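Peer 1:
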Amino acid sequence: MRRILKHLAITILIIAVVCFAGYRYIQGNLDRLAKTPIAEIDLSKIANGTYRGKCVSFPITVIVDVVVENHSFNSIILIQHTNGQGQGAEALPDRIVAAQSLQVDTVAGATYSSKAMLLAVTDALKP
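With the working numbering, letter number 95 in the sequence shown gets 107, and the count goes up by one each step, no holes.
1. Could you pull the DSSP bridge partners for Y63 from this structure?
2. Go ahead and pull the three-state DSSP assignment for S113.
3. Nearest to K57 by alpha carbon, out of I22, Q39 and V80?
4. Between G65 and L114, how many whole angstroms is the CB-CB distance? I'm expecting something under 8 angstroms.
5. Specify the secondary structure class of F85 as computed by DSSP and reduced to three states.
6. Going by the CB atoms, is the gap between T134 and A51 shorter than 7 angstroms?
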């Protein structure tokens, strides 16, 4: 009986350590994402076309197609958005197009996904 309890305690300890390490890994990714600056894009230097960009910061993945016409955002198409509670950020592409800028407010409750979308657009249009 003692042996079983010892094995059970060791198993629980291992599970706790793995869970804690996983939590720290995810939180570290999200902290780095939050601290990444968003560069303004000079649309006057971007030719007409469709540009694909992505941002992956586990557990968030965003892939977008950015359509530029006449040196302005024509549309931003969300190809993939893997998220936890960040579904509200899916309104952000319309805000970017309306503002013609990446300097838009993030969506409350979806801050990390909002930041990932902004970074994906930046990635699409980087030189």
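By construction, the Cβ of each residue, glycine as well, lies at the ideal position given by its N, Cα and C atoms.
It should be emphasised that the depicted structure is a prediction, and the values quoted were computed from it without experimental measurement.
Peer 2: Taking the structure as given:
1. V78
2. coil
3. V80
4. Their Cβ separation, rounded to whole angstroms, is 12 angstroms, which puts G65 and L114 out of contact at 8 angstroms.
5. strand
6. yes
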